[in-house]
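Q: Numbering (the working numbering), first residue to last: 107 to 326.
Glycine included, every Cβ here is placed at the ideal spot set by N, Cα and C.
(1) Please classify residue 122 as buried or exposed, where buried requires at least 16 neighbouring CB atoms within 10 angstroms.
(2) For residue 296, I'd like the list of residues in its chain whose CB is within less than 6 Å of its CB, leaving aside the five on either flank, ordered along the chain.
(3) Which residue from 250, 246, 163 and 291 puts its Cα closest to that of residue 211?
(4) For residue 281, which of helix, strand or coil comes out of DSSP?
(5) Determine whether the beta carbon atoms of residue 270 and residue 233 lie at a separation below 7 Å.
(6) State buried or exposed for residue 241, treating a residue as buried only when at least 16 other CB atoms are found within 10 Å of its CB.
(7) Is DSSP giving residue 181 helix, strand or coil here?
(8) Going straight from the alpha carbon of residue 273 to that of residue 229, what length do you get?
(9) Whose C-alpha, out of 289, 276 and 246, is nearest the C-alpha of residue 327?
(10) Please go through the same chain and pick out, in chain order, the residues whose beta-carbon is closer than 8 Å to the beta-carbon of residue 255, but skip the five residues on each side of it.
(11) Report buried or exposed for residue 237, applying the criterion of at least 16 other Cβ atoms within 10 angstroms of its Cβ.
(12) Pick helix, strand or coil for residue 194, following the three-state DSSP scheme.
(13) Assuming the contact rule is C-beta atoms closer than 8 Å, residue 203 and residue 140 should be a hit. Round their C-beta distance to whole Å, please.
(14) Could you work out which residue in 135, 301 and 262 is closest to residue 197 when comparing CA atoms only?
Have a look at this one:
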């Protein structure tokens, strides 16, 4: 009787294991895409028919299936006129940044970057600069009080720097940056950054030069 009971238990365990195997779901590998939307006169964008949106002059992080996938970003009012509709190649666990700019919704420019973030463990942080002002001359960046172009010498429209290391200790609670026209040296915009201790951020120079703005994108 005892052997028979053990046999029944063994058979039951086999069925349970098989059932678990059949019901288990293989996780879908994902990639992250940080989308920044600074199109002049633009609107909020929907993402791949979902309710997730990327507001104008803002950014949102999207997740998508790794591999070959369609990335479609369009205004809710005009889905047939997307700002971006392309098949992109991504790798599982990787991070990407997509910047959308341009002088109008009818003239959208895009920059897709595969990121490689530094993990800062030595009291530093990373700050990147990108020029997304469509009618600007090349710009330079300096910390207030330092020489023109001391942080970034020159960035034409759609150009960007690498992540520049800045000290991130108690003595550096913030950095005041000045964005200048390279040719004239005139200040186009200023931005005070609260130090992103041990992390990466991108400072976006956006808008037309007659009414420029600055957007902080947290990359991490």
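A: Put simply:
(1) For residue 122, the predicted structure reports a pLDDT of 48, less than 50, and the residue's modelled location is therefore unreliable. A value from the coordinates is still provided. Of the other Cβ atoms in all chains shown, fewer than 16 fall within 10 Å of the Cβ of residue 122; this residue is therefore exposed.
(2) Within the same chain, and ignoring the five residues on either side of residue 296 in sequence, the residues whose Cβ sits closer than 6 Å to its Cβ are 284.
(3) Closest option to residue 211, Cα to Cα, is 163.
(4) DSSP places residue 281 in the strand class (E or B) of the three-state scheme.
(5) Contact flag set, yes.
(6) Its Cβ having fewer than 16 others within 10 Å, residue 241 is exposed.
(7) Strand.
(8) Whole-angstrom Cα-Cα distance: 6 Å.
(9) What is shown of the chain runs 107 to 326, which leaves residue 327 out entirely.
(10) Its chain contains 246, 247, 248, 286 and 288 as the residues whose beta carbon lies nearer than 8 Å to that of residue 255, once the 5 sequence neighbours on both sides are disregarded; these appear in chain order.
(11) Buried: at least 16 other Cβ atoms inside 10 Å.
(12) In the structure shown, residue 194 sits in a strand (DSSP, three-state: E or B).
(13) That pair is a contact at about 5 Å.
(14) When each option's Cα is compared against that of residue 197, the closest is 135.
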